[in-house]
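Mapping of the sequence shown onto the working numbering: residues 3 to 68, in sequence order. Structure first, commentary second.
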Amino acid sequence: MSWVDVPKKFDEKVVQDGVTVLIDSKALLTLIGTEMDWFEGKLASQFVFNNPNIKGACGCGESFLV
Numbered sequence: 003m004s005w006v007d008v009p010k011k012f013d014e015k016v017v018q019d020g021v022t023v024l025i026d027s028k029a030l031l032t033l034i035g036t037e038m039d040w041f042e043g044k045l046a047s048q049f050v051f052n053n054p055n056i057k058g059a060c061g062c063g064e065s066f067l068v
């Protein structure tokens, strides 16, 4: 995930509850159905993604297989 000031031509724009998220067109098919949430714990605050298409993932959670 990275910060973007200007969307690319084919980026998908999703707006919900006043928050805008841009999705790169190349990643769109692998992210269909994904839910994004915000988690606040004692040690960390972070976005949490739940992708029902995932068949496997690495131990760190950065990479996944669909």
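Ideal placement from N, C-alpha and C gives every residue a C-beta, glycine not left out. Nothing here was measured: the structure is a model prediction, and the numbers come from that model.
Query raised in the report: Going by DSSP, what residues sit across from residue 22 in a beta bridge?
Result: Position 20 of the sequence shown, counted from the start, is the residue given in the question as residue 22. Bridge partners of residue 22: 17.
Query raised in the report: For the beta strand (DSSP E) that residue 52 lies in, which residues bound it at each end?
Result: What you label residue 52 is simply residue 50 of the sequence shown in a count that begins at 1. 47–52 is the span of the beta strand (DSSP E), which, as asked, contains residue 52.
Query raised in the report: Under 8 Å, do residue 32 and residue 8 count as touching if we go by C-beta distance?
Result: On the sequence shown, position 30 is the one that residue 32 refers to. On the sequence shown, position 6 is the one that residue 8 refers to. The criterion of a C-beta distance shorter than 8 Å is not satisfied by residue 32 and residue 8.
Report task. Find the nearest neighbour of residue 17 within the set 54, 3, 38, 4, judged by alpha-carbon distance. Result -> Residue 17 sits at position 15 when you count from the first residue of the sequence shown. Nearest option by C-alpha distance: 38.
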